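Number of protein chains: 2
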Amino acid sequence: MGIAERREREKEALRTLIVEAARDIISESGLDALSMRSIAERIEYSPATIYLYFRDKEELLGEVIHAGFDRMGEYIEEELTVVGPGADAAVEHRSLGRAYARFALENTAYFRVMFELPTVPHVTDGEACTHKPERKAALLVDTIQRAIDAGLYQLEDAETGALIAWGLVHGLASLYVSGHFAPSVASPESFLNLVEKAMDTLGTGLVPRETLTPEVP
Amino acid sequence: MGIAERREREKEALRTLIVEAARDIISESGLDALSMRSIAERIEYSPATIYLYFRDKEELLGEVIHAGFDRMGEYIEEELTVVGPGADAAVEHRSLGRAYARFALENTAYFRVMFELPTVPHVTDGEACTHKPERKAALLVDTIQRAIDAGLYQLEDAETGALIAWGLVHGLASLYVSGHFAPSVASPESFLNLVEKAMDTLGTGLVPRETLTPEVP
DNA sequence: ACAATATTCTGAACGCCGTTTAGTGTCTAG
DNA sequence: CTAGACACTAAACGGCGTTCAGAATATTGT
Numbered sequence: 001m002g003i004a005e006r007r008e009r010e011k012e013a014l015r016t017l018i019v020e021a022a023r024d025i026i027s028e029s030g031l032d033a034l035s036m037r038s039i040a041e042r043i044e045y046s047p048a049t050i051y052l053y054f055r056d057k058e059e060l061l062g063e064v065i066h067a068g069f070d071r072m073g074e075y076i077e078e079e080l081t082v083v084g085p086g087a088d089a090a091v092e093h094r095s096l097g098r099a100y101a102r103f104a105l106e107n108t109a110y111f112r113v114m115f116e117l118p119t120v121p122h123v124t125d126g127e128a129c130t131h132k133p134e135r136k137a138a139l140l141v142d143t144i145q146r147a148i149d150a151g152l153y154q155l156e157d158a159e160t161g162a163l164i165a166w167g168l169v170h171g172l173a174s175l176y177v178s179g180h181f182a183p184s185v186a187s188p189e190s191f192l193n194l195v196e197k198a199m200d201t202l203g204t205g206l207v208p209r210e211t212l213t214p215e216v217p
Numbered sequence: 218m219g220i221a222e223r224r225e226r227e228k229e230a231l232r233t234l235i236v237e238a239a240r241d242i243i244s245e246s247g248l249d250a251l252s253m254r255s256i257a258e259r260i261e262y263s264p265a266t267i268y269l270y271f272r273d274k275e276e277l278l279g280e281v282i283h284a285g286f287d288r289m290g291e292y293i294e295e296e297l298t299v300v301g302p303g304a305d306a307a308v309e310h311r312s313l314g315r316a317y318a319r320f321a322l323e324n325t326a327y328f329r330v331m332f333e334l335p336t337v338p339h340v341t342d343g344e345a346c347t348h349k350p351e352r353k354a355a356l357l358v359d360t361i362q363r364a365i366d367a368g369l370y371q372l373e374d375a376e377t378g379a380l381i382a383w384g385l386v387h388g389l390a391s392l393y394v395s396g397h398f399a400p401s402v403a404s405p406e407s408f409l410n411l412v413e414k415a416m417d418t419l420g421t422g423l424v425p426r427e428t429l430t431p432e433v434p
């Protein structure tokens, strides 16, 4: 009998409804506006009901954040589609950075929640750590490894290179969404330009070539 | 009569006592532990008293953040002292990055408050914008400009270069203090190493020199 | 020295928050 | 048709930021 299955489905539906309500409140009004009561009002249930589906606010936020990383994944795939499947690793690397910046730009409040929160409660929950940013990080490491293998990047360690590249774009995005940029770079366009310029600079380096002493063979 | 002056001094003393109490609570127990009541208890006054010295919690936090940037300034000066006054601009630039990273490392909770908060309430307060990060940012721009002038860096625009360099170090620090790094880079030493490596990489570039097409003269 | 005044401080309250619990209805199974 | 499982909620608890009437204290004028 499909009766238990229907109950199961309804339960799951309400669960995702709660997560979506939370996500929408954050996107529309910021994290401060997110309360168990505001979620409850939006989905037209009592606040207590939410606790039948989530242990506490932290667990609920964990799911919201998880959904955020899924959404960021869509940005990445979209950007990768633009450059096409045959692009070299360095070009793909640029796509990843662009996607990251675009996501931060278009999901400011969401981005902040994803990266500024105490976080990572259910990572230590025992189960395999197939969670949030690590998934995308693996993709970045992979891309950079391929760039190294193709001789496009000079790096001993792809993982370290990935952290550096991540740090660069994340730092710019982070400063942008927190409003720490002067008005001259505070516009969306100039932010995206800045990220492009930053990836250029990371590629070619600050120090002019001719001043570098040649390596001993 | 010095009586009004003494009152003035006492008023100022209690004001800074409040700010210091807030700063200590954040450093010891994190931002979540900071409440008007916890501050009041620590300084042995009623919570209501704080409102005689600060409009609201936001204004108080603004002063705490301001003090934080002063403290970061001390880190910078200390690090600049290490390399000495005669160092070239590129070396000084490295010092700035190192100071930034060390500050984040040794003042984790404080760093987060300084950069992750809605912020900047009294910047728009009308008066001259001689506030927090911009002060230090000017120093960074200056250093990079000197590096450009000395031919150490190849950049059209020192301000853009400063944003990129800031973004790189800030991003790594930001990811570190938020716990977004895998355990292998989560230790203080490896974090500092990573920042050094990152500044190396930004200097020399990801792309090997010989693959770069020479500029048209 | 004392009354009048100005200043500093606080107790108690308001409306929010996250969370718990006891109890309400409603649907299902035998 | 009834007994039990289930989904749900009203109400409360303690903590939060904040306000305000009034107590306590310090300063002044005489």
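Residue numbers (the numbering used here), protein chains in the order written: chain C, 1 to 217; chain B, 218 to 434. For glycine and all other residues, C-beta sits at the position ideal for the given N, C-alpha and C. Quantities reported herein were computed from a predicted structural model and do not represent experimental measurements.
- Along the stretch 192-205 of chain C, the positions whose C-beta sits under 8 angstroms from a C-beta of chain B are L194, K197, A198, T201, L202, G203, T204 and G205, read in chain order.
- Within chain B, L380 have C-beta atoms less than 8 angstroms from the C-beta of V185(C), given in sequence order.
- Using a Cβ-Cβ cut-off of 7 angstroms, G279(B) is close to nothing in chain C; its nearest Cβ partner there is about 14 angstroms away.
- Where F286(B) is concerned, the enclosing alpha helix (DSSP H) starts and stops at K274 to V300.
- Taking the Cα of H397(B) as reference, the smallest distance to any Cα among L139(C), E12(C) and L163(C) is reached at L163(C).
- By the beta-carbon neighbour count (other beta carbons within 10 angstroms, threshold 16), K228(B) is exposed.
- At a cut-off of 7 angstroms between C-beta atoms, Y370(B) counts as an interface residue with respect to chain C.
- Its Cα nearest to that of A40(C), the residue A22(C) stands out among A22(C), S27(C), G30(C) and H66(C).
- In this chain, the alpha helix (DSSP H) harbouring N410(B) covers P405 to T421.
- As the crow flies, the alpha-carbon of R254(B) is around 43 angstroms from that of M416(B).
- Taking 7 angstroms as the cut-off, the Cβ atoms of G62(C) and M114(C) do not count as close.
- Cβ contact annotation for A101(C) (same chain, cutoff 8 angstroms, sequence separation greater than five): V169, L172, A173, F191, L192 and V195, in chain order.
- The Cβ atoms of R98(C) and E78(C) do not sit closer than 7 angstroms to each other.
- Taking 7 angstroms as the cut-off, the beta carbon of A89(C) is found no closer than this to the beta carbon of R135(C).
- Between the C-alpha atoms of L155(C) and A165(C) there is a straight-line separation of about 12 angstroms.
- Under the three-state reduction of DSSP, H93(C) is assigned to helix.
- Taking C-alpha positions only, V308(B) is separated from A321(B) by approximately 20 angstroms.
- Contacts with chain C at 7 angstroms (Cβ-Cβ) do not include V300(B).
- Closest in alpha carbon position to V19(C), among L117(C), Y53(C) and R7(C), is Y53(C).
- For A87(C), there is no enclosing alpha helix (DSSP H), as DSSP gives it neither H nor E.
- Considering only beta carbons, no part of the stretch 12-23 of chain C lies closer than 9 angstroms to chain B.
- Taking 7 angstroms as the CB threshold, F328(B) stays off the interface with chain C.
- From the beta-carbon of E333(B), the residues of chain C found nearer than 8 angstroms are R112, E116 and S178.
- Considering only L152(C), A182(C), D149(C) and A158(C), the residue with the shortest C-alpha distance to L139(C) is A158(C).
- Scanning S404(B), A367(B) and K274(B) for the CA closest to the CA of L206(C) turns up A367(B).
- At the C-beta level, L14(C) and I26(C) stay beyond 7 angstroms of one another.
- In terms of Cα proximity to V300(B), the closest of L313(B), R288(B), M289(B) and G290(B) is L313(B).
- The closest CA to that of T108(C), considering only R42(C), S184(C) and L175(C), is found on L175(C).
- Note on geometry: alpha-carbon atoms of M289(B) and G247(B) lie some 18 angstroms from one another.
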